[in-house]
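Under our numbering, residue 116 is the last one in the sequence shown; the count climbs by one each step, no gaps.
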Amino acid sequence: MTNDAHEALARLDERIDQLQRALEARDWTRLGELNADVRTLIDPVMDAMEQRQLAPTEVQKRLRTLEQFVQQADSRAREARDEAREALEQVGQNRKAASTYARVSGRDRS
Numbered sequence: 007m008t009n010d011a012h013e014a015l016a017r018l019d020e021r022i023d024q025l026q027r028a029l030e031a032r033d034w035t036r037l038g039e040l041n042a043d044v045r046t047l048i049d050p051v052m053d054a055m056e057q058r059q060l061a062p063t064e065v066q067k068r069l070r071t072l073e074q075f076v077q078q079a080d081s082r083a084r085e086a087r088d089e090a091r092e093a094l095e096q097v098g099q100n101r102k103a104a105s106t107y108a109r110v111s112g113r114d115r116s
């Protein structure tokens with residue numbers, strides 16, 4: 007393994023760790039930022055593998071890890087979306103209840 011290939015693999019490993027930490031923190035903004043240039047980190051690793059500077063098993067391991075990450079991120083994003091929807095529905099119900107209470111309270115004073 008050449009030094010460049012080793013460095014490319016290390017950069018990809020670091021990005022995978024950063025992505026996983028951002029996902030655990032549910033930091034969607036940071037996830038978007040980190041995800042924006044993942045491809046630029048994968049390409050040198052793929053090139054190194056094609057030039058036989060990296061073992062295919064090492065590259066496949068990282069690609070599987072990224073695939074699992076994408077599945078986890080999708081699942082957590084759906085959970086966050088559902089939680090946000092439920093919270094908005096709750097706010098709507100609370101507003102409706104407050105409005106009804108205000109109308110009923112206003113009639114009691116008449």
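Glycine included, every Cβ here is placed at the ideal spot set by N, Cα and C.
Predicted, not measured: the structure shown is a model, and the values here were computed from it.
- The three-state secondary structure of Gln66, taken from DSSP, is helix.
- Counting the other CB atoms within 10 Å of its CB gives Arg21 a total of 16 or more, which places it among the buried residues.
- Going by beta carbons, Leu25 and Val51 fall outside the 7 Å limit.
- Setting aside the 5 residues that flank it on each side, Asn41 has no residue in the same chain whose C-beta is closer than 6 Å to its C-beta.
- Sixteen is the threshold: when 16 or more other Cβ atoms of the shown chains lie within 10 Å of the Cβ of Leu29, as they do, the residue is buried.
- Inter-residue distance for Leu37 and Asp43 is about 11 Å (C-alpha atoms, whole angstroms).
- Taking 7 Å as the cut-off, the Cβ atoms of Ala11 and Leu47 do not count as close.
- Runs of the alpha helix (DSSP H) lying entirely within the region 23-110 and spanning at least 4 residues, in chain order: 34-41, 44-56.
- Distance from the CA of Lys102 to the CA of Gln96, rounded to the nearest whole angstrom, comes to 10 Å.
- Residue burial annotation: Val110 is exposed, with fewer than 16 other C-beta atoms found within 10 angstroms of its C-beta.
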